[in-house]
Amino acid sequence: MTEIKAICGDITEDHGMMAIVNAANTSLLGGGGVDGAIHRAAGPELLEECKTLNGCPTGQAKLTKGYNLPAAYVIHTPGPRWRGGNEKERELLADSYWNCLQVALDHQISSVAFPSISTGIYHFPLREASMIAISTVKRFVDHNPDAFSQILFVLFDDKTRHMYDKAIHQVCSAESVS
Ligand code: AR6
Numbered sequence: 012m013t014e015i016k017a018i019c020g021d022i023t024e025d026h027g028m029m030a031i032v033n034a035a036n037t038s039l040l041g042g043g044g045v046d047g048a049i050h051r052a053a054g055p056e057l058l059e060e061c062k063t064l065n066g067c068p069t070g071q072a073k074l075t076k077g078y079n080l081p082a083a084y085v086i087h088t089p090g091p092r093w094r095g096g097n098e099k100e101r102e103l104l105a106d107s108y109w110n111c112l113q114v115a116l117d118h119q120i121s122s123v124a125f126p127s128i129s130t131g132i133y134h135f136p137l138r139e140a141s142m143i144a145i146s147t148v149k150r151f152v153d154h155n156p157d158a159f160s161q162i163l164f165v166l167f168d169d170k171t172r173h174m175y176d177k178a179i180h181q182v183c184s185a186e187s188v189s
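Numbered per the numbering used here, the sequence shown spans residues 12 to 189.
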């Protein structure tokens, strides 16, 4: 049984998770937003390891150590930049969540914290992003019921947290009826 939960907070702080997800860009060489916060908290060794990865395509995911972060690992995924909705943004956002969980599963990582991928600098509409995030995570844990103890969404502001709470409520009650 995997708990899927949303809280308000800073993902670089200690939430007792083995891995945190970084909403990165395809260079994996750092940036603003949560990416900048993660690199600052992890320290310069994170950038050194990222330099060895040769970037990452949008929707894919790559693993590094967490260095000075409380989490042992960082899973880096470049989400899609919103370009109006006709550039496979929805599929690519779902791929980001799915592939992060696949990387975690491949490395026996049993608890993962996600930020709200693509809804900051990349401007993905929040309501739709939250539904894609929760339904993709739910689908993955339904396929892999023994893999994770907890999937935590650590959201930076109340509006985002509220939207993810609503999505959890909708997706989970829809599933329990069927
Ligand atoms: N903890 C949790 N969430 C955070 C934190 C934090 N410390 N800091 C920001 N957020 P964004 P994107 C929230 O812009 O839209 C970077 O430059 C933020 O409020 O970080 O995927 C990368 O290098 C928002 O809700 O990521 C890319 O170039 C969410 O995290 C680009 O930004 C995502 O916002 C990626 O843009």
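Glycine is no exception: its CB is placed at the ideal position from the N, C-alpha and C atoms.
DSSP-derived helix/strand/coil call for residue i
| i | result |
| --- | --- |
| A35 | strand |
| A30 | strand |
| E14 | strand |
| L137 | helix |
| F167 | coil |
| I145 | helix |
| I162 | strand |
| S189 | The predicted model places S189 with a pLDDT of 44, which falls under 50 and marks its position as unreliable, so this point remains unresolved. |
Short Cβ contact (8 Å threshold) for residue i with residue j
| i | j | result |
| --- | --- | --- |
| L112 | V165 | no |
| G44 | I143 | no |
| I22 | I179 | no |
| I120 | A34 | no |
| A30 | V123 | yes |
| I145 | T13 | no |
| A105 | T88 | no |
Close-in-space but distant-in-sequence residues of the same chain around residue i (CB under 6 Å, 5 per side omitted)
| i | result |
| --- | --- |
| A158 | L116 |
| P81 | D25 |
Contact set for residue i: own chain, Cβ-Cβ below 7 Å, skip 5 residues either direction
| i | result |
| --- | --- |
| S38 | G66 |
| A17 | F164, L166, R172, Y175, D176 and I179 |
| N155 | L116 |
> Going along the chain, which unbroken runs of the beta strand (DSSP E) with 3 or more residues stay wholly within the segment 96 to 127?
Replying inline: DSSP runs (the beta strand (DSSP E)) wholly in the segment 96 to 127: 122 to 125.
> Can you give, in chain order, each stretch of the alpha helix (DSSP H) that sits fully within the segment 46 to 91 and has at least 4 residues?
Replying inline: 55 to 62, all fully within the segment 46 to 91.
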